[in-house]
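Working notes, structure below.
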Amino acid sequence: MNIQCIKCKGRGHCGRKFCAIASKITSQKKLNQSAKQDFFGEAPNVFIGRYGYPDINVGLLSTEEYNNHDAPLLWSANNYQIQQIIDLRTGLINSSFQTNIKTFNDRLLELSQEVSLAAKPVDVEINLDKKPFFHLNFSQDTMPHGPKVRLKKAQITENPKIPHKVDRAVSDPHLKAADAIAGLRKDYDEHYLTKILSVGNLGIKTERKLVPTRWSITAVDDIIGKQMIDEVKKCPESDYLAFFGGYLGNYYLVLFFPGCWSYELFETIVGERSSFSTDHEFYEGRKDYADNTAGGYYAARHAVLEKLASMKRQSGVLALRFITGEYWAPLGVWVCREATRKSMSSKPIEFGSKELMLKYAKAFAKKRFNFDIDVLLRQSRLLDFMKRQKRLADF
């Protein structure tokens, strides 16, 4: 598989008759041959689409027998591989219906909200317009899922177990969404918080609305990230530290520099020497969306800030993401978050100076990926800022 395959992700842009990605996915068709039009199953999550906004599709993701189909933290902890994850996600039927982002007097939407709030997959009875036909949906931001079929009728066949603390936040008509997430984030992971935010459960009652899954993932990463930034800004500075780790062909070399909080991310595909994307923020934070690196920016920042908060330190952070051919199918920005967490969980190497750490980073990237990171470092706003600060201090 070559670099064009990584960029194409099996969409047939090359025009060739054989596709390595498609051939790996073809085997998944067998899983849906037994799919039924009407079935009893379990619904672990809800998918909120974004096309047609504000009139969008809401989909109950359900399967006849749940087996960690919607558990990214568990997948990462157990080092699930891409094919294993696709095998699981293929089994999730997206039973969809259309609604407006502000319409909450709909029985199917109420049912979807109950599913999103539940602490575990909910037993459901699903009636579809037709028998599902195999199709696997890929996105750079959200997890793949199986076929989308119009939902005719759905019913919950058990009482969903909604955590008391979550129920209180949802029931408070005056609690802002960001404040609700602040109160819940230490007890519940970002995957669960994304679920409850996306289906319009949080926020001031009169302002609540559905949030497309793609947007809610980044919103939760950003909200939690900003809360942690406020915390680490009160901490002393870190030492010169280098971390490295990765997951599913996504590797992060993360450098901590003594100084006030700042953050810069570079993303590059190994094999394309001059191609990269980058975004950054200084101490004051960003005023706009990180368009170049998109959701991956906030997901990686989230993981970096978790580490700084646990160290009780603040730092200037330079993160370099190397995307290799091992990452042959996109699985969502959760991969960026988990790959960065694995980097942050590695034992760091400590250096006595910026120059020594950068020398190490250059040698490491060259040896590991045959990649000259000078092309990235020359464009670094963070390193340029540090140089200017040093000149001012010398003056």
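If you want the working numbering, it's the 1-based position in the sequence shown plus 428.
Glycine included, C-beta positions come from ideal geometry on N, C-alpha and C.
The model shown is predicted, which means the values in this text are computed figures rather than measured ones.
Whole-number beta carbon distance between residue j and residue i, since they are thought to touch under 8 Å
i	j	result
Ala-767	Leu-683	Not a contact, Cβ separation roughly 16 Å.
Ala-546	Lys-589	6 Å
Thr-527	Val-552	So it is not a contact: roughly 18 Å between Cβ atoms.
Ile-652	Asp-569	Going by Cβ atoms, the distance from Ile-652 to Asp-569 rounds to 17 Å, so no, they are not a contact pair.
Phe-797	Phe-710	28 Å between Cβ atoms; not a contact.
Glu-618	Val-639	Not quite, the Cβ-Cβ distance comes to about 14 Å (not below 8 Å), so this is no contact.
Val-474	Val-543	6 Å
Asp-667	Glu-778	6 Å
Asn-495	Leu-502	So it is not a contact: roughly 11 Å between Cβ atoms.
Ser-523	Ser-490	6 Å
Ser-567	Pro-758	6 Å
Glu-665	Arg-741	7 Å
Trp-689	Lys-661	5 Å
Ala-582	Leu-537	With 8 Å as the limit, Ala-582 and Leu-537 do not qualify as a contact, their Cβ atoms being about 11 Å apart.
Ala-727	Glu-659	Not a contact, Cβ separation roughly 19 Å.
Ile-514	Pro-572	6 Å
Gln-512	Asn-629	Actually they are not in contact, since the Cβ atoms of Gln-512 and Asn-629 sit about 31 Å apart, beyond 8 Å.
Own chain partners of residue i with C-beta closer than 6 Å, once the 5 adjacent residues on each side are dropped
i	result
Lys-530	Lys-637
Met-739	none
Glu-754	Gly-677
Ala-610	Gln-655
Glu-492	Phe-467, Gly-469
Trp-762	Pro-500
Ile-484	Gly-477
Thr-721	Leu-693, Glu-695, Ser-705, Asp-707
Leu-516	His-497
Lys-735	Met-772
Leu-733	Gly-653, Met-656
Ser-455	For Ser-455, the predicted model reports a pLDDT of 47, less than 50, meaning its position is unreliable; a value from the coordinates is still stated below. So no residue of the chain qualifies.
Tyr-725	Leu-693, Asp-707, Ala-718
Cutoff 7 Å; reference residue i; Cβ partners in own chain excluding five residues on either side
i	result
Ala-463	Ile-521, Lys-559, Pro-560
Lys-794	Asp-800
Gly-631	Lys-604, Ala-605
Val-698	Phe-750, Ile-751, Thr-752, Phe-797, Phe-799
Asp-534	Thr-527
Gln-807	Thr-706
Gly-674	Tyr-680, Ala-767, Lys-770, Ser-771
Pro-776	Leu-669, Ala-670, Phe-671
Arg-809	Glu-692, His-708
Gly-519	Leu-459, Thr-491, His-497, Gly-574
Pro-472	Leu-489, Tyr-494, His-497, Asp-498, Pro-549
Residues bridged to residue i [DSSP beta-bridge criterion]
i	result
Tyr-679	Gly-674, Phe-750
Val-598	Partner(s): none; Val-598 has no beta bridge.
Val-486	Ile-476, Phe-525
Ile-657	Paired residue(s): none; Ile-657 is not in a bridge.
Thr-768	Paired residue(s): none; Thr-768 is not in a bridge.
Phe-684	Leu-669, Val-745
Asp-802	DSSP, once it has assigned bridges, lists no residue as partnering Asp-802.
Ala-471	Val-550
Asp-466	Asn-555
Thr-491	Glu-470
Glu-778	Leu-669
Own chain partners of residue i with C-beta closer than 8 Å, once the 5 adjacent residues on each side are dropped
i	result
Asp-607	none
Arg-816	none
Tyr-479	Asn-485
Lys-633	Pro-601, His-602
Pro-824	It is not possible to answer for residue 824, since the shown part of the chain is limited to 429 through 823.
Gly-723	Gln-568, Asp-569, Arg-642, Ile-645, Thr-646, Asp-649, Val-761, Cys-764
Lys-782	Tyr-668, Phe-685, Met-814
Asn-555	Gln-465, Asp-466, Leu-579, Lys-580, Lys-581, Ala-582
Gln-509	Leu-676
Below 8 Å, can you find three or more Cβ-Cβ pairs linking the region 736 to 755 to the region 683 to 698?
yes
Closer than 8 Å is the cut-off here; do at least three beta carbon pairs connect the region 749 to 756 with the region 672 to 689?
yes
Length-filtered (3 minimum) beta strand (DSSP E) runs lying within the region 686 to 761:
690 to 697, 704 to 709, 744 to 751
Below 8 Å, can you find three or more Cβ-Cβ pairs linking the region 776 to 795 to the region 586 to 600?
no
Can you give, in chain order, each stretch of the alpha helix (DSSP H) that sits fully within the region 587 to 652 and has at least 4 residues?
592 to 599, 605 to 612, 618 to 626
Taking only runs of the alpha helix (DSSP H) that begin and end inside the region 504 to 582, which ones reach a length of at least 4 residues, in chain order?
510 to 518, 535 to 545
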